[in-house]
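Colleague: So the sequence shown is residues 1222 to 1553, counted in this note's numbering. C-beta atoms are modelled at their ideal positions from N, C-alpha and C, and glycine is treated no differently. What you are looking at is a predicted structure, and each value in this text was computed from that prediction instead of being measured. I am attaching a structure below and will ask some questions about it afterwards.
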Amino acid sequence: MTGAQGYHPLIVSLSNTGEPLYVVNRSGSARRTKRAPRIWIARAALCRQAGFRRITFRGDTDFSQTAHLDRWHGQGIRFIFGYDAAPTLKRGPMNCRIPRGKHCRAGLRTPVGAPRGACQANGPLIPRARPDNVKERIVRQKGFENLRLLGEEVAEFEHMPQACRRSYRMVVVRKRIAVERGQEHLFTDYRYLFYITNDRVHVRSTIVETAHARCDQENLIDQLKHGVHALRTPVGDLVSNWAYMVMAALAWSLKAWLALLLPVRGRWKERHKSEKQSVLRMEFKKFVNAFIRVPALVNRGGRRVVFKLLSWNPWQSVLLRAADALRWPLRC
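As structure tokens, then:
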């Protein structure tokens, strides 16, 4: 908020690398979906020019633009959106018969071969006990109302929105929640989460997990706000603050591009691949301390320039590999 005017920016990001594809500043009274469909189509064309063959749109319930679903499907774009849990939609999963064995904890995944409750920290898997839920115990002791998740079930049915001319796959997650007060069980409540998609290939649980992976964009928004300070409003009007957001967000994109330029080859290929992903997922403050705030001595003479690093940090080898990769001309 700057004076009497507020701002409501919209960020379209690339999930593969976590870099913002488009940042637009809007007035504080703007709807969340304002200009979103037009921006998505433009960014999809940009991704196709970059060589991406498969494109997926993801968003929460506000971005399930039913008037544009047929157009996106016709252009070969896959989409997975949250959908409002209307009372008429809830009759769908009530009439669906969930097959035996399809009860699962949607969105929670365990590494292959790892027992539940196992952790790995620079060594083999170490089984550990589940920590005690202290908060739930205190809530029960004081007789407050407590909501406890009993399980989740996944089902699907066909649904055709009013603005569409074809039906799409509607995946629904039904949460069974026990409502308790103290030691007494009051009743069992059911809550529904709906996801509309044109993906006919993947199983239901994969659709739910893919939709939940969208929540990683919250980390990007946090880094743009507190890391590179791109979502601040230091200027006095909307367009100037928009320009500041775009320029500051480029710092985060440069970090992602540096990570993508790191070579992965040789006998240390697996370690280089892990370091590449670590730089890609690194917070901006840590990136600045590891790659930018590096004290160095510059010597000029003998027709050459010599840089001498005056300190060491764990990312020094990665920095030198990045410098070596940037020495050669980059050709597309």
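In the DSSP assignment, what are the bridge partners of Asn1440?
Modeller: For Asn1440, which the question treats as bridged, DSSP gives no partner whatsoever.
Colleague: Alpha carbon to alpha carbon, what distance is there between Ile1260 and Asp1305?
Modeller: One C-alpha to the other measures close to 23 Å.
Colleague: The alpha helix (DSSP H) spanning Met1466 covers which residue range?
Modeller: That run of the alpha helix (DSSP H) goes 1459-1482.
Colleague: His1406: which of Gly1364, Ser1388, Lys1507, Thr1282 sits nearest, CA to CA?
Modeller: Residue Gly1364 is the option with its Cα nearest to His1406.
Colleague: What are the boundary residues of the alpha helix (DSSP H) that Ala1546 is part of?
Modeller: From DSSP, the alpha helix (DSSP H) with Ala1546 extends over 1537-1548.
Colleague: Counting pairs of beta carbons, one from the stretch 1452-1468 and one from the stretch 1516-1526, are three or more of them closer than 8 Å?
Modeller: Short answer: they don't touch.
Colleague: Would you decide whether Thr1254 is buried or exposed? Buried here means 16 or more other CB atoms lie within 10 Å of its CB.
Modeller: The residue is exposed, with fewer than 16 neighbouring Cβ atoms inside 10 Å.
Colleague: Measure the beta-carbon distance from Leu1482 to Ala1544 and round it to whole angstroms, keeping in mind my assumption that it falls under 8 Å.
Modeller: Contact doesn't hold; Cβ gap of about 10 Å is too wide.
Colleague: Between which residues of its own chain and Ala1511 is the CB-CB distance below 7 Å, once the five residues before and five after are set aside?
Modeller: The answer, listed in chain order, is Asn1534, Trp1536.
Colleague: Candidates Val1422, Ser1426, Glu1366: which alpha carbon is nearest Arg1299's?
Modeller: The option with the nearest alpha carbon to Arg1299 is Val1422.
Colleague: Mind checking which residues open and close the beta strand (DSSP E) that includes Ser1285?
Modeller: Careful: Ser1285 lies outside any beta strand (DSSP E) and carries neither H nor E.
Colleague: Span of the beta strand (DSSP E) holding Leu1567?
Modeller: The shown model of the chain, from 1222 to 1553, leaves out residue 1567, and the question about it has no answer.
Colleague: Might you give, ordered along the chain, the residues of its own chain that have their beta carbon closer than 7 Å to the beta carbon of Val1244, omitting 5 neighbours on each side?
Modeller: Within the same chain, Val1244 has close Cβ partners Pro1230, Ile1232, Met1466, Val1467, Ala1470.
Colleague: Am I right that Gln1438 and Ser1285 are in contact with their C-beta atoms under 8 Å? What's the rounded C-beta distance?
Modeller: Actually they are not in contact, since the Cβ atoms of Gln1438 and Ser1285 sit about 16 Å apart, beyond 8 Å.
Colleague: Tell me the rounded alpha-carbon separation between Val1485 and Arg1542.
Modeller: One C-alpha to the other measures close to 10 Å.
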